[in-house]
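Asker: Pasting a structure below so you can have a look.
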Amino acid sequence: MHPRLLKTFLAVARTRNITRAAEAVHLAQSSVSDQVQSLEAELGAALFTRSKAGLELTPAGLALKPVAEELLRLDAEARAAVQAAVGQTSGQVTVGALETIASARLAPWLPGFQARHPGIIVRMKVAGSGALLRQLEDGDIDVVFCFEPRHFAKDTSDQRFARRTIMAEPLVLVAAPGKGTAPGDIAALAKLRFVATEPGCIYRHMVDTAFVEAGVDAPEIAAEVGSIGVIARLVAAGAGFGLVPRIAVSDAIARGDIVELPWPGSARAAPLTMIWRRRRVQPAALRQLLAAARDTLVPTERSGAESTKHSNALFANSS
Numbered sequence: 020m021h022p023r024l025l026k027t028f029l030a031v032a033r034t035r036n037i038t039r040a041a042e043a044v045h046l047a048q049s050s051v052s053d054q055v056q057s058l059e060a061e062l063g064a065a066l067f068t069r070s071k072a073g074l075e076l077t078p079a080g081l082a083l084k085p086v087a088e089e090l091l092r093l094d095a096e097a098r099a100a101v102q103a104a105v106g107q108t109s110g111q112v113t114v115g116a117l118e119t120i121a122s123a124r125l126a127p128w129l130p131g132f133q134a135r136h137p138g139i140i141v142r143m144k145v146a147g148s149g150a151l152l153r154q155l156e157d158g159d160i161d162v163v164f165c166f167e168p169r170h171f172a173k174d175t176s177d178q179r180f181a182r183r184t185i186m187a188e189p190l191v192l193v194a195a196p197g198k199g200t201a202p203g204d205i206a207a208l209a210k211l212r213f214v215a216t217e218p219g220c221i222y223r224h225m226v227d228t229a230f231v232e233a234g235v236d237a238p239e240i241a242a243e244v245g246s247i248g249v250i251a252r253l254v255a256a257g258a259g260f261g262l263v264p265r266i267a268v269s270d271a272i273a274r275g276d277i278v279e280l281p282w283p284g285s286a287r288a289a290p291l292t293m294i295w296r297r298r299r300v301q302p303a304a305l306r307q308l309l310a311a312a313r314d315t316l317v318p319t320e321r322s323g324a325e326s327t328k329h330s331n332a333l334f335a336n337s338s
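If you're matching positions, the sequence shown starts at 20 in this note's numbering and goes up one per residue.
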């Protein structure tokens, strides 16, 4: 069974749709159908059946799915082992990141990485945490950079994945200019209106957790929006307060569009974490990127000594 056919089969199994599978593997729909039929002919069994909900795996397809996943993992590990044996350091690595992290942390850092490793091609995918982790699980992404507050991990017991905290990004309370000072305690702050992302989003979790951990109910949400950029604009217009990573709103603060207020409690921070699939042999390109991120992806606003000290302390305490 050719790995190409297995990859196409798994794409159809995940999407349950030929059109979406074709987009995922960058093939024409007819090519996807031909490859599935070739695999079915080779195995002598139908792998899919049609239903109102889309394509469903047959018993034969269900039996093939975990084996196909393992075969593709072995194929990737075999290639990585050969690359390591001959000292090859080139290749391609696909990075997934939240929009905030991609623009504020990875975009300034990646040119330096690529200058040091010209043989490595880096592809970037930007999406929400849930979508990124699904793509990592499916093998479409090699490493994900996301915020991971306590108790928000998808499944910290899942031994298929490794994770490493790189740094802690400060969370800041922001308001429109002229709003005055924030209340002196969290209970009073919880009675005010906030602007946040939708439930289920990692940024919304940051807001809710900040109050729940202090023993008070989460505040009333004046507006639920899809991005931190919109949160900043609504806060600037006076729609409510916001609690967001400082890196996401540093430009708005610098321009004076919004102001940072003291948080009435212990400082809040969101760990910036990279997550990747465990392999017996990591591809050279991914290994180089993980090492570089560990050593050099630090906040530019800190002094070099402080950044290194902070990053090393987080690594010492991370899983």
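No residue lacks a Cβ here, since even glycine has one placed at the ideal position from N, Cα and C.
Excluding the 5 residues preceding and the 5 following Met143 in the sequence, name in chain order all residues of the same chain whose CB lies nearer than 6 Å to its CB.
Answerer: Same-chain partners within the cutoff: Val114.
Asker: Judging by CA-CA distance, which residue of Leu208, Thr27, Arg265 and Glu88 is the nearest neighbour of Glu239?
Answerer: Of the candidates Leu208, Thr27, Arg265 and Glu88, the one whose C-alpha sits nearest the C-alpha of Glu239 is Leu208.
Asker: Which residues does DSSP list as the beta-bridge partners of Pro137?
Answerer: In DSSP, Pro137 forms no bridge with anything.
Asker: Return the residue from the list Ala150, Glu42 and Ala123 that minimises the CA-CA distance to Ile247.
Answerer: Among Ala150, Glu42 and Ala123, the Cα nearest to that of Ile247 is on Ala123.
Asker: Please report the straight-line C-alpha distance between Val235 and Ala126, rounded to a whole angstrom.
Answerer: Near 38 Å, if we compare the C-alpha coordinates of Ala126 and Val235.
Asker: Buried or exposed: which applies to Gln111, given that a residue is buried once 16 or more other Cβ atoms fall within 10 Å of its Cβ?
Answerer: Exposed, because fewer than 16 other Cβ atoms sit within 10 Å of the Cβ of Gln111.
Asker: State the Cα-Cα distance for the pair Asp270 and Met225, rounded to the nearest angstrom.
Answerer: Their Cα atoms are separated by approximately 21 Å.
Asker: Out of Phe164, Pro137, Arg135 and Gln102, state which residue places its alpha-carbon closest to the alpha-carbon of Ala150.
Answerer: The option with the nearest alpha carbon to Ala150 is Phe164.
Asker: Report the start-end ranges of each alpha helix (DSSP H) in the segment 232 to 309 that is 4 residues or longer and not cut off at the edges.
Answerer: As far as the segment 232 to 309 is concerned, its whole alpha helix (DSSP H) runs of at least 4 residues are 247 to 255 and 265 to 274.
Asker: Output needed for Ala43: all residues of its chain with C-beta closer than 8 Å, excluding positions within five of it in sequence on either side, in chain order.
Answerer: If we look at Ala43 and ignore the five residues flanking it on each side, its Cβ neighbours are Ala30, Arg33, Thr34 and Asp159.
Asker: Once the 5 residues before and after Lys26 are set aside, which same chain residues still bring their CB inside 8 Å of it?
Answerer: If we look at Lys26 and ignore the five residues flanking it on each side, its Cβ neighbours are Val44 and Leu91.
Asker: Can you tell me whether Gly245 is buried or exposed, with buried defined as 16 or more other CB within 10 angstroms of its CB?
Answerer: So Gly245 counts as exposed.
Asker: Thinking C-beta only, is Val51 closer than 8 Å to Ala41?
Answerer: For Ala41 and Val51, yes; Cβs fall inside 8 Å.
Asker: Thinking C-alpha only, which one of Arg153, Ile294, Pro283 and Ser109 is nearest Ala206?
Answerer: When only C-alpha atoms are compared, the closest one is Pro283.
Asker: Specify, as a first and last residue, the run of the alpha helix (DSSP H) that Thr38 falls within.
Answerer: Taken as a continuous stretch (DSSP letters only), the alpha helix (DSSP H) holding Thr38 covers Ile37 to Val44.
Asker: Indicate the three-state DSSP secondary structure (helix, strand or coil) for Arg98 in the structure shown.
Answerer: Three-state result, Arg98: helix.
Asker: Keeping to the same chain, check which residues put their C-beta closer than 6 Å to that of Pro196; ignore five residues upstream and five downstream.
Answerer: So the qualifying residues of the chain are Val278.
Asker: Per the DSSP calculation, Ser70 is bridged to which residue(s)?
Answerer: In the DSSP output, where bridge partners are listed per residue, Ser70 has Gly73.
Asker: Taking 8 Å as the threshold, find out whether the segment 211 to 228 comes into contact with the segment 298 to 307 through three or more Cβ pairs.
Answerer: Touching, no.
Asker: Between Ala100 and the rest of its own chain, which residues show a CB-CB distance below 7 Å, the 5 nearest in sequence each way excluded?
Answerer: Val300.
Asker: With a Cβ-Cβ cutoff of 8 Å, do Ile185 and Met293 count as a contact?
Answerer: Yes, these two residues count as a Cβ contact at 8 Å.
Asker: Going by DSSP in three states, Gln54 sits in which element: helix, strand or coil?
Answerer: Looking at Gln54 - three-state DSSP - the assignment turns out to be helix.
Asker: Quick check on Ala187: does DSSP put it in helix, strand or coil?
Answerer: Strand at Ala187.
Asker: Please say whether Leu192 and Leu253 have beta carbons closer to each other than 8 Å?
Answerer: Not closer than 8 Å, so no.
Asker: Taking buried to mean at least 16 other C-beta atoms within 10 Å of its own C-beta, is Leu81 buried or exposed?
Answerer: Result: exposed.
Asker: For Leu211, does the three-state DSSP call read helix, strand or coil?
Answerer: Residue state, collapsed to three classes: coil.
Asker: Closest to Thr108 by CA distance: which of Arg182, Arg135, Arg212 and Arg69 is it?
Answerer: Considering only alpha carbons, the answer is Arg135.
Asker: Taking only the alpha-carbon atoms, compute the straight-line gap between Arg212 and Phe260 and give it to the nearest angstrom.
Answerer: Using only the alpha carbons, I get a separation of about 6 Å.
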